[in-house]
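A.B. asks: Input: one structure, supplied below.
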Amino acid sequence: MNNQQINDAMSIKLDSVLPEYPKFVEGIRRAPDRGYTLNKSETETALRNALRYVPQELHEKLIPEFLEELKTRGRIYGYRFRPEGRIVGKPINEYKGNCIEGKAFQVMIDNNLDFDVALYPYELVTYGETGQVCQNWMQYRLIKKYLEVLHNDETLVVMSGHPLGLFKSDEHAPRVIMTQGLMVGMFDSQKEWHRAMQLGVANYGQMTAGGWMYIGPQGIVHGTFNTILNAGRMKLGIPADGDLTGHLFVSSGLGGMSGAQSKAVEIARGVGIIAEVDISRIKTRHEQGWVSLIKETPKEAFDTANEYLKAGKSTSIAFHGNIVDLLEYAVKNDIKIELLSDQTSCHAVYDGGYCPQGLTFEERTEMLAKDPEKFRKLVDKSLKAHFKAIKALHDKGTYFFDYGNAFMRSVFDAGVTEICANGKDTRDGFIFPSYVEDIMGPMLFDYGYGPFRWVCLSHKHEDLIKTDHAAMECIDPNRRSQDRDNYVWIRDAEKNSLVVGTEARILYSDAEGRVKIALKFNELVRKGEIGPVMLGRDHHDTGGTDSPYRETANIKDGSNIMADMATQCYAGNAARGMSLISLHNGGGVGIGKSINGGFGLVLDGSERVDKIIRNAMTWDVMVGVTRRSWGRCPHAMEVAADFNKKTDNHVTLPFVVDDELIKKVLK
Ligand SMILES: NC(=O)c1ccc[n+]([C@@H]2O[C@H](COP(=O)([O-])OP(=O)(O)OC[C@H]3O[C@@H](n4cnc5c(N)ncnc54)[C@H](O)[C@@H]3O)[C@@H](O)[C@H]2O)c1
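According to numbering that gives the first Met the number 0, the sequence shown is numbered sequentially starting from 0.
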């Protein structure tokens, strides 16, 4: 076929007019060079792949431009196709579309790329160092064109950011079905992904970046608040209704998700020191009011923390520097740290996610581009020192937990077998718990509590306030201690000024709670009291993610290495009519280390949506609870038994064998 025939065969395509090359706004963070490693023939394939989005008449002009991007940035972003200026999630009515879902997804995509929200907006990275909405700006434009024409009897299929096309379905089917970075087992490695990414065939969707469901760091504040608070209750003898007053939490990272730590520790009324090497990220969080103080030396940071601790006052301190320097100072000066974690982007540890000790942030960016091998060595050295400092603090009583950022795995990969529970490999886990294993798994996920969220698509703040109130009315604070925490959270949400980007809210909730709240919201939409609402969740939830070191870390029947649950969750959500479903490789821990999925459901006030809420939202949570129950997680078994009693569903529960009997036979 020639290009004329190809052009004539499509009505949805990029224009044949070359857009003006956009200017880059000063002061907006840019992604580091991801490393160009392709050979000549692979480079040709990468160019061919990127150019297949654009009409032939533009090819000659674009080839050198795309080649330059590939060689200097490690991939082809197609900067020229980025719309000029700031992208923001606008009120839904300002978008073109043939159905409400088509317009709603455009709000979500644009919000994920907002300068205020995204980590590297020019490179389509929303958060987590490498998590992209899609691979390049040609895809962005084309997806938007598809969404503008999408009807409510069609489904848009997106593969790793590439809009494959619109296919006929019906009004009960999802409007968008997405997958991100799924790779065939034998190629499912960081190395192969890196090649595929350069070729332009794989996207790293992280979790909600590729799933278009990111709502700024607020999305993670509630989970972080729950984690830190419950860590304190578990390890520091704080009562179930107490807070972190007078207690110190230390960690690192003020980036996309990690930026939630400072805010969460203040909401929990404790004192936090968060190390961050990148001053621009500190400034962003400071301007947003998410971190209160900035200190340039470990001494200043700890002295200030001490004053606040003594006065019983809460604050959050950004230490501008490397976490390893901060911890080594604490070890040397015998400073007591009660709760300790780490949120550097270790899932992309050699791609810039972790800044080695001894390099400034700027030096790290330069070395990453010029000498990746040396950079690797420095990362390994730093991780070893980092581990040593944590170990020394731990021996003096600090409670350290891994924050699901693949930190412990990275320390192991750097050559430290001492971090393994069995002293030699990772099969039996690590010597420190992960936050899911100890805290979130047993206390939240096993009950079905997870990061339910919503976006008021009207963009009206009063809609958000109305939904906050409606959600609060749906929670009985006396049912469980988790409900009490959630009640307090939503009661104070407005006061805590959590919104960055669109009018959105996060609220941990279980299956029953989510359904109740969603039905209430849909009723408010039906009555015209609020505009349409997008419901969703983080993939980091009870049922959406299989990840042996994280979401499924507290499942001990050996099935934590299986990816059946996340896949079933995704398929089940499609069958029950969620508006958008996505399934990703990697997420917060890296390629090949997790399969995770999420959904979006547009509340349009209809009875059709009421039915989807009852069936799909219940399924979405209970598939996780049931699997956890089958894995013999005690709280999940209680919830599963209740589910059989109280609903028309039926799930299989595990009989429990007396371990002594097994031991007797095996003796
Ligand atoms: N918050 C959560 O609930 C949660 C849950 C699971 C996993 N995670 C993981 O946490 C990690 C961080 O996520 P993110 O979205 O914030 O990523 P990010 O890349 O936006 O932020 C990480 C920050 O760490 C800083 N940093 C890197 N090395 C440092 C060092 N040695 N000392 C001090 N600062 C350093 C970086 O400059 C960056 O700002 C990811 O691996 C993510 O998957 C977070």
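Every residue gets a Cβ at the ideal spot worked out from N, C-alpha and C, and that includes glycine.
1) Which complete beta strand (DSSP E) runs does the stretch 402 to 455 hold, if anything under 3 residues is left out?
2) With DSSP as the reference, identify every bridge partner of D647, one or two as the case may be.
3) Does the distance from the C-beta atom of P355 to that of G34 stay below 8 Å?
4) Between which residues of its own chain and M564 is the CB-CB distance below 7 Å, once the five residues before and five after are set aside?
5) Note the first and the last residue of the continuous beta strand (DSSP E) segment covering Q179.
6) Answer yes if the stretch 258 to 271 comes into contact with the stretch 218 to 236, meaning at least three C-beta pairs across the two stretches below 8 Å, and no otherwise.
7) Would you kindly work out how many angstroms separate the C-alpha atoms of T646 and Y486, rounded to a whole number?
8) Under the three-state reduction of DSSP, which class applies to D379: helix, strand or coil?
9) Do you know whose CA, among F451, R504, K39 and P432, lies nearest G597's CA?
10) What would DSSP say about V348, mapped onto helix, strand or coil?
11) So, I683 versus T343, is the Cβ gap smaller than 8 Å?
12) Short check: CB of F65 to CB of R140, under 8 Å?
13) Report back the beta-carbon spacing between Q205 and G440 to the nearest angstrom; my notes put them in contact at under 8 Å.
14) Hey, is H538 close to ligand 1, as in C-beta under 7 Å from one of its heavy atoms?
15) Alpha carbon to alpha carbon, how far is N404 from M256? Give it in angstroms, no decimals.
16) Please indicate yes or no: does the CB of H583 lie closer than 7 Å to some heavy atom of ligand 1?
17) Enumerate, from N- to C-terminal direction, the unbroken beta strand (DSSP E) stretches of 3 or more residues contained entirely within the stretch 211 to 270.
18) Counting pairs of beta carbons, one from the stretch 649 to 659 and one from the stretch 528 to 543, are three or more of them closer than 8 Å?
19) Nearest to Y52 by CA position, among N151, N97, Y121 and L163, is which residue?
20) Can you tell me whether DSSP reads D545 as helix, strand or coil?
21) Is any heavy atom in ligand 1 found nearer than 7 Å to the beta carbon of V346?
22) Just to confirm the assignment, what range does the alpha helix (DSSP H) spanning S279 have?
23) Within this structure, are the beta carbons of T501 and V435 separated by less than 8 Å?
24) Compute the beta-carbon to beta-carbon distance between F318 and L308, rounded to the nearest angstrom, for a pair I have assumed lies under 8 Å.
25) Count the CB pairs spanning the stretch 199 to 218 and the stretch 121 to 132 that are closer than 8 Å, and state whether there are at least three.
26) Around the Cβ of T71, are there at least 16 other Cβ atoms within 10 angstroms (buried) or fewer (exposed)?
27) Our contact map puts Q217 next to V532 with C-beta atoms below 8 Å; I'd like the distance itself, whole angstroms only.
28) Does the Cβ of E275 lie closer than 7 Å to at least one heavy atom of ligand 1?
29) Between the Cα of G604 and those of D379, V132, A8 and A517, spot the shortest distance and give me the residue it belongs to.
30) Please report the residue range of the beta strand (DSSP E) in which H193 lies.
31) What's the gap between the Cα of V183 and the Cα of R28?
32) Are the CB atoms of V157 and M137 nearer to each other than 8 Å?
33) Using three-state DSSP, classify Y145 as helix, strand or coil.
34) Does DSSP put A391 in a helix, in a strand, or in coil?
35) If I measure Cβ to Cβ from S467 and keep anything under 7 Å in the same chain, skipping five residues before and after, which residues do I get?
36) Just to confirm the assignment, what range does the beta strand (DSSP E) spanning S10 have?
C.D. replies: Let me spell this out:
1) 449 to 455
2) Along the sequence shown, read from residue 1 onward, the residue named residue 647 stands at position 648. Answer is none; D647 lacks a bridge partner.
3) As a working note, residue 355 is residue 356 in the sequence shown. As a working note, residue 34 is residue 35 in the sequence shown. Cβ atoms of P355 and G34: not closer than 8 Å.
4) For the purposes of this step, residue 564 is identified with residue 565 of the sequence shown, where counting begins at 1. So the list reads G542, D545, V622, G623 and R626, once near-sequence residues are dropped.
5) Locating residue 179 in the sequence shown gives position 180, counting from the first residue. Start and end: V175 to Q179.
6) yes
7) Mapped onto the sequence shown, residue 646 falls at position 647. Mapped onto the sequence shown, residue 486 falls at position 487. The straight-line gap from Cα to Cα measures roughly 25 Å.
8) Within the sequence shown, numbered from 1, the residue matching residue 379 stands at position 380. The answer is helix: DSSP assigns D379 an H, G or I state.
9) Here residue 597 corresponds to residue number 598 of the sequence shown, with the count starting at 1. Taking only the C-alpha atoms, the option nearest G597 is F451.
10) For the purposes of this step, residue 348 is taken as the residue at position 349 of the sequence shown. The answer is helix: DSSP assigns V348 an H, G or I state.
11) The structure shown has nothing for residue 683, since the chain only spans 0 to 666.
12) Residue numbering aside, residue 65 sits at position 66 when the sequence shown is read from its first letter. Residue numbering aside, residue 140 sits at position 141 when the sequence shown is read from its first letter. The answer is no: Cβ separation not under 8 Å.
13) Taking the sequence shown and counting its residues from 1, one reaches residue 205 at position 206. Taking the sequence shown and counting its residues from 1, one reaches residue 440 at position 441. Not confirmed; about 21 Å, so no contact.
14) For the purposes of this step, residue 538 is taken as the residue at position 539 of the sequence shown. No, ligand 1 has no heavy atom inside 7 Å of this Cβ.
15) One-based indexing of the sequence shown puts residue 256 at position 257. One-based indexing of the sequence shown puts residue 404 at position 405. Rounded to the nearest angstrom, the two C-alpha atoms are 11 Å apart.
16) The residue labelled residue 583 in the question sits at position 584 within the sequence shown. H583 Cβ: outside cutoff for every heavy atom of ligand 1.
17) 247 to 251
18) no
19) Translated into the one-based positions of the sequence shown, residue 52 becomes position 53. When only C-alpha atoms are compared, the closest one is L163.
20) Taking the first residue of the sequence shown as 1, we reach residue 545 at position 546. If DSSP states are grouped into helix, strand and coil, D545 belongs with the strands.
21) Walking along the sequence shown from the start, residue 346 turns up at place 347. Checking the sequence, you will find His at residue 346 rather than Val. Within the cutoff, so yes.
22) Locating residue 279 in the sequence shown gives position 280, where the first residue counts as 1. Start and end: I278 to E286.
23) If you number the sequence shown from 1, residue 501 lands on position 502. If you number the sequence shown from 1, residue 435 lands on position 436. No, they are not a contact pair.
24) Here residue 318 corresponds to residue number 319 of the sequence shown, with the count starting at 1. Here residue 308 corresponds to residue number 309 of the sequence shown, with the count starting at 1. So it is not a contact: roughly 16 Å between Cβ atoms.
25) yes
26) Here residue 71 refers to the residue found at position 72 when the sequence shown is read from its first residue. Flag for T71 reads exposed.
27) As a working note, residue 217 is residue 218 in the sequence shown. As a working note, residue 532 is residue 533 in the sequence shown. Not really, about 16 Å apart at Cβ, beyond 8 Å.
28) In the sequence shown, residue 275 corresponds to position 276, counting from 1. For ligand 1, at least one heavy atom lies less than 7 Å from the Cβ of E275.
29) Counted from its first residue, the sequence shown places residue 604 at position 605. Of the listed residues, the one whose Cα sits closest to G604 is A517.
30) Start at 1 with the first residue of the sequence shown, and residue 193 comes out as number 194. Counting along the chain, H193 falls outside any beta strand (DSSP E), though it belongs to the alpha helix (DSSP H) covering Q189 to L198.
31) Residue mapping note: residue 183 aligns to position 184 of the sequence shown, counting from 1. Residue mapping note: residue 28 aligns to position 29 of the sequence shown, counting from 1. Near 33 Å, if we compare the C-alpha coordinates of R28 and V183.
32) Taking the first residue of the sequence shown as position 1, residue 157 is located at position 158. Taking the first residue of the sequence shown as position 1, residue 137 is located at position 138. No, the pair does not count as a contact, with Cβ atoms beyond the cut-off.
33) Numbered from its first residue, the sequence shown carries residue 145 at position 146. Y145: helix per DSSP, three-state reduction.
34) Within the sequence shown, residue 391 is the residue found at index 392, counting from 1. Of the three classes helix, strand and coil, the one that applies to A391 here is helix, per DSSP.
35) Sequence index remark: in the sequence shown, residue 467 carries index 468 (1-based). Contrary to the premise, residue 467 reads as Asp rather than Ser in this sequence. Taken in chain order, the residues that qualify are I489, A492, E493 and R504.
36) Within the sequence shown, the letter at position 11 stands for residue 10. First-last for S10: undefined, no H or E at that position.
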